[in-house]
Amino acid sequence: MNFVLTKEQETLEKGLTILLEEHGHAYGEGEISITPVFTDENKLKVEKKGQDVTISCKEKAHFFRGIGHLFSHLEDADFVKEETVYVDCLGAMPDCSRNGVPTPDMLKRMIRTMALLGMNEIFLYTEDTYELPEYPYFGAFRGKFSKEELKECDAYGELFGICLVPCIQTLAHLSTFLRWPTSNGLQDNRDNLLPEEAKTYALIESMLKNFSECVRTKKVHLGMDEAHGLGLGEYLKKHGFTNRLSIMKRHLEKVEELCRKYGLEPMMWSDMFFNLASKDGSYYSVPEDYEWEEKDKPGDNLTMVYWDYYNHDPKTYERMLSLHKKLSNKVYFAGGGWTWNGLVPDYGKAFDSTRIGMRVMKQQKVRNAFMTLWMDDGTETPFAAGLLPLILFAEEGFTEEPEDAAIDEKLHLFQEASMEEWMLLTKLDCLPGCDPLNIAAVNPSKHLFYQDPLLGLFDRQYQGYDLYGHYGKLAKELRAVEERVTVSKNLFACYRSLAEFLAVKAGIGLDIRRAYLEGDRDWLTSIAEEQIPVCLEDLEQYHDFREKIWFHECKPNGYETIDIRLGGLHARLVSAQKRILAYLADEITEIPELLEERLPYKPSAPEGLQQPFNMNNWCNIVTAGNMGTGTV
Numbered sequence: 012m013n014f015v016l017t018k019e020q021e022t023l024e025k026g027l028t029i030l031l032e033e034h035g036h037a038y039g040e041g042e043i044s045i046t047p048v049f050t051d052e053n054k055l056k057v058e059k060k061g062q063d064v065t066i067s068c069k070e071k072a073h074f075f076r077g078i079g080h081l082f083s084h085l086e087d088a089d090f091v092k093e094e095t096v097y098v099d100c101l102g103a104m105p106d107c108s109r110n111g112v113p114t115p116d117m118l119k120r121m122i123r124t125m126a127l128l129g130m131n132e133i134f135l136y137t138e139d140t141y142e143l144p145e146y147p148y149f150g151a152f153r154g155k156f157s158k159e160e161l162k163e164c165d166a167y168g169e170l171f172g173i174c175l176v177p178c179i180q181t182l183a184h185l186s187t188f189l190r191w192p193t194s195n196g197l198q199d200n201r202d203n204l205l206p207e208e209a210k211t212y213a214l215i216e217s218m219l220k221n222f223s224e225c226v227r228t229k230k231v232h233l234g235m236d237e238a239h240g241l242g243l244g245e246y247l248k249k250h251g252f253t254n255r256l257s258i259m260k261r262h263l264e265k266v267e268e269l270c271r272k273y274g275l276e277p278m279m280w281s282d283m284f285f286n287l288a289s290k291d292g293s294y295y296s297v298p299e300d301y302e303w304e305e306k307d308k309p310g311d312n313l314t315m316v317y318w319d320y321y322n323h324d325p326k327t328y329e330r331m332l333s334l335h336k337k338l339s340n341k342v343y344f345a346g347g348g349w350t351w352n353g354l355v356p357d358y359g360k361a362f363d364s365t366r367i368g369m370r371v372m373k374q375q376k377v378r379n380a381f382m383t384l385w386m387d388d389g390t391e392t393p394f395a396a397g398l399l400p401l402i403l404f405a406e407e408g409f410t411e412e413p414e415d416a417a418i419d420e421k422l423h424l425f426q427e428a429s430m431e432e433w434m435l436l437t438k439l440d441c442l443p444g445c446d447p448l449n450i451a452a453v454n455p456s457k458h459l460f461y462q463d464p465l466l467g468l469f470d471r472q473y474q475g476y477d478l479y480g481h482y483g484k485l486a487k488e489l490r491a492v493e494e495r496v497t498v499s500k501n502l503f504a505c506y507r508s509l510a511e512f513l514a515v516k517a518g519i520g521l522d523i524r525r526a527y528l529e530g531d532r533d534w535l536t537s538i539a540e541e542q543i544p545v546c547l548e549d550l551e552q553y554h555d556f557r558e559k560i561w562f563h564e565c566k567p568n569g570y571e572t573i574d575i576r577l578g579g580l581h582a583r584l585v586s587a588q589k590r591i592l593a594y595l596a597d598e599i600t601e602i603p604e605l606l607e608e609r610l611p612y613k614p615s616a617p618e619g620l621q622q623p624f625n626m627n628n629w630c631n632i633v634t635a636g637n638m639g640t641g642t643v
């Protein structure tokens, strides 16, 4: 079908042409005539009368959301859709620092998706994954963005009214850079920069200068969250114990001074102001009547970013927002898509926390918000899995309370699976009898996937659950979706193969030990000669799908960790098979690991069924020994 603009061709035609072609249409004289009307109202209206369409909106990004509505209703002879714009700056933040650095093509796909959702900011969370020519070890071997790539993506976003906002780190979360010997003199501890050192501010100036040269916006997110141990490492040795909030404030003032030098508008995560004010060091425990002294508050030009994707009580959001307004009259809200829970997204927690948090933000007139898509512990969850929560967050920007039907409609704008079918992915972490929303963000799939088949660190934790039945049934449900869809086929195939693997592997450690202790050699033979080979085949299939998705989304750097983890799992399954066969052949007289009593990893009851829990750390899952630092 052909579409043509009646005006505003210079600003809209390029972006519109790209979206039309992606959705099987073309730009040119023909069936559909579109008239854009820009107003000052916080409204979006799409009106279709036969072949004539009028899109009334406030800005370019909202126009393309209108195009999304039009795509969903092309078959309607007449159609009207009116929406209120509740959020002025509506964004998403892909995590580009947990090994998976998106390719420019991946970011462009995300920008096109965001365009049809009406979003207008994309924050690139980059710890050391962008180019600093003066610091060759900054992002070395990590797949860092070149300046040319950032400029290219920024220009692409402009076609759709989407700004690329630098989201960097100027205090903590820099361990992958600080590891290098060339960083000596920059470290307060293994994760934090050393405040009040000239070398530190030379580095930060390079960050601000180089990134700001690549983007149109003057906004910059300075990070500065979770600076645990601030002032307690090298700083303590040099200066003695110093009030940590005062260290934070002086460091921030220096960074703000650099921002002014380059005409930048800074924002930062707010948690350190709260952590250092609370009695227990917790972000969310500061009482509502707390008052910061004027000397401890941030500067007037600094925006505070309140991040919350953990809480489910509106009163918590109300209290936290009230406290933020005491710190600054400029506030952003950052929700979360829960793509960082291990192998599997937690849509239940993402939906519940987003709906509650965004409802409070709209009631309190907070008009700037973005959704974080973190990728803790190595980007094991594909970026593609973030589509569903991203759609919800976008709908929150234009609807008082988004309905599932509207989310479903948007899902079908991009691919064929329904919201109900997407929710199947969350079932990988929702064992029988457990909370189907997974508000506690438990992640048994990762524990059961990686745990050693002979050591059984999690065997007692998940003993008593019907693991075979649960994952076997889920694999069939996912296969039915996989066979029906096209665009999201690889994603569902990947998770179907994971479910098939877990349907055999999840309980295999319990079976090996029981057969061994009972002296059931036939059972042990079956495990070694039948079940473990099936595990290895299923694991290879999962590995292939995950690799295919990774290289569709990310640069090669970082994938080595997936290979190492899956290769290690394969090796331990083969090792278990060899040990069992050696025992059965009387080449060894015992398998000592199987004699050790199984303990719950995280006891929830003195005896009986234990509860699943959250622990998303590969190092602590695969062994009780020393594997590495265990950082995310």
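Going left to right, the sequence shown walks through residues 12 to 643 as the working numbering numbers them. Don't be surprised by glycine CBs; every beta carbon is placed ideally from N, CA and C.
Tell me the rounded alpha-carbon separation between Pro503 and Ala514. On the sequence shown, residue 503 is found 492 positions in, with the first residue counted as 1. On the sequence shown, residue 514 is found 503 positions in, with the first residue counted as 1. Looking at the sequence provided, one finds Phe at residue 503 rather than Pro. Approximately 16 Å, taken between the alpha carbons.
What is the DSSP secondary structure of Gly641, counted as helix, strand or coil? Within the sequence shown, the letter at position 630 stands for residue 641. At Gly641, the pLDDT of 48 sits below 50, so the modelled position is not reliable; the number obtained from the coordinates is stated separately. DSSP places Gly641 in coil when its eight states are reduced to three.
From the DSSP output, which residues share a beta bridge with Cys198? For the purposes of this step, residue 198 is taken as residue 187 along the sequence shown, with counting starting at 1. The sequence given here places Gln at residue 198; Cys does not occur at that position. According to DSSP, Gln198 bridges with Leu204.
Entirely enclosed beta strand (DSSP E) segments - the segment 255-283, minimum 3 residues: 276-280
Should Gly353 and Ser186 be called a contact, given that it needs their Cβ atoms to be closer than 8 Å? Sequence index remark: in the sequence shown, residue 353 carries index 342 (1-based). Sequence index remark: in the sequence shown, residue 186 carries index 175 (1-based). Result no, Cβ atoms of Gly353 and Ser186 do not sit closer than 8 Å.
Which whole-angstrom value is the C-beta distance of Tyr167 and Ile122, which I expect to be below 8 Å? Your numbering for residue 167 matches position 156 in the sequence shown. Your numbering for residue 122 matches position 111 in the sequence shown. Rounded, the Cβ-Cβ distance is 6 Å, consistent with contact.
Could you spell out where the beta strand (DSSP E) holding Ala380 opens and where it closes? Position 369 of the sequence shown, counted from the start, is the residue given in the question as residue 380. First-last of the beta strand (DSSP E) with Ala380: Asn379 to Leu384.
Opposing strand residues paired with Leu16 [DSSP bridges]: Counting from 1 along the sequence shown, the entry for residue 16 is found at position 5. For Leu16, which the question treats as bridged, DSSP gives the partners Ile45.
Between the Cα of Thr392 and the Cα atoms of Leu424, Asn454 and Arg261, which residue gives the shortest distance? Within the sequence shown, residue 392 is the residue found at index 381, counting from 1. Checking every option, the nearest Cα to that of Thr392 belongs to Asn454.
Between Leu577 and Leu547, how many whole angstroms is the CB-CB distance? I'm expecting something under 8 Å. Walking along the sequence shown from the start, residue 577 turns up at place 566. Walking along the sequence shown from the start, residue 547 turns up at place 536. The Cβ separation is near 11 Å, so there is no contact.
Name the residue from Trp280, Tyr301 and Met278 whose alpha carbon lies nearest to the alpha carbon of Ala288. Taking the sequence shown and counting its residues from 1, one reaches residue 288 at position 277. Among Trp280, Tyr301 and Met278, the Cα nearest to that of Ala288 belongs to Tyr301.
Closest Cα partner of Arg261 within the set Ile575, Leu241, Gly274 and Leu275: For this step, residue 261 is matched to residue 250 along the sequence shown. Closest option to Arg261, Cα to Cα, is Leu241.
Spatial neighbours of Glu24 within its chain, please: CB distance less than 8 Å, with the 5 preceding and 5 following residues excluded, ordered by chain position. Locating residue 24 in the sequence shown gives position 13, where the first residue counts as 1. Cβ neighbours of Glu24 beyond the five flanking positions: Leu16 and Tyr38.
Since I believe Ser108 is in contact with Glu138 (beta carbons under 8 Å), could you give me their beta-carbon distance rounded to a whole number of angstroms? Translated into positions along the sequence shown, residue 138 becomes position 127. Translated into positions along the sequence shown, residue 108 becomes position 97. Right, the Cβ-Cβ distance comes to about 4 Å (below 8 Å), so this counts as a contact.
List the whole-angstrom C-beta distance separating Gly234 from Trp280, where the pair is believed to meet the contact cut-off of C-beta under 8 Å. In the sequence shown, the residue the question calls residue 234 occupies position 223. In the sequence shown, the residue the question calls residue 280 occupies position 269. Between Trp280 and Gly234 the Cβ distance is about 6 Å, and since that is below 8 Å, they are a contact.
Beta-bridge partners of His232, as assigned by DSSP: Here residue 232 corresponds to residue number 221 of the sequence shown, with the count starting at 1. Note: His232 sits in a beta bridge opposite Cys178 and Met278.
With a CB to CB cut of under 7 Å and the five nearest residues on each side skipped, what residues in its chain are close to Glu329? Against the sequence shown, residue 329 aligns to sequence position 318. Closer than 7 Å at Cβ, skipping near neighbours: Val371.
For Ala345, which three-state DSSP category applies? As a position in the sequence shown, residue 345 is number 334, starting the count at 1. Strand.
What first and last residue would you give for the beta strand (DSSP E) that runs through Tyr136? Stepping through the sequence shown from its first residue, residue 136 is reached at position 125. First-last of the beta strand (DSSP E) with Tyr136: Glu132 to Tyr136.
For Asp51 and Lys59, the rounded distance between their alpha carbons: Here residue 59 refers to the residue found at position 48 when the sequence shown is read from its first residue. Here residue 51 refers to the residue found at position 40 when the sequence shown is read from its first residue. Cα-Cα distance, rounded: 22 Å.
Between Ser429, Gly347 and Ile573, which has its C-alpha nearest Met104's C-alpha? Along the sequence shown, read from residue 1 onward, the residue named residue 104 stands at position 93. For Met104, the nearest C-alpha among the options comes from Gly347.
Please report how far the alpha carbon of His36 lies from the alpha carbon of Gln622, in whole angstroms. Here the question's residue 36 lines up with position 25 in the sequence shown. Here the question's residue 622 lines up with position 611 in the sequence shown. Rounded to whole angstroms, His36 to Gln622 spans 51 Å at the Cα level.
Looking only at DSSP bridge pairs, what is Phe156 linked to? Looking up residue 156 in the sequence shown gives position 145. Answer is Tyr141, bridged to Phe156.
Can you give me the Cβ contacts of Glu245 inside the same chain, cut-off strictly under 8 Å, excluding the 5 residues immediately before and after it? Translated into the one-based positions of the sequence shown, residue 245 becomes position 234. Closer than 8 Å at Cβ, skipping near neighbours: Gln198, Asp199, Asn200 and Leu205.
Count the other C-beta atoms from every protein chain shown that fall within 10 angstroms of the C-beta of Gly518, then say buried if there are 16 or more, exposed otherwise. Counting from 1 along the sequence shown, the entry for residue 518 is found at position 507. Classification for Gly518: buried.
Check the DSSP bridge columns for Asp63 and list the partner residues they point to. Taking the sequence shown and counting its residues from 1, one reaches residue 63 at position 52. Paired residues: Ser44 and Lys60.
Express the C-alpha separation of Asp388 and Thr642 in angstroms, rounding to a whole number. Position 631 of the sequence shown, counted from the first residue, corresponds to residue 642. Position 377 of the sequence shown, counted from the first residue, corresponds to residue 388. Model confidence at Thr642 stands at a pLDDT of 46, short of 50, so the residue's coordinates are unreliable; what they give is reported in the following sentence. Looking at the two C-alpha atoms, the distance is approximately 7 Å.
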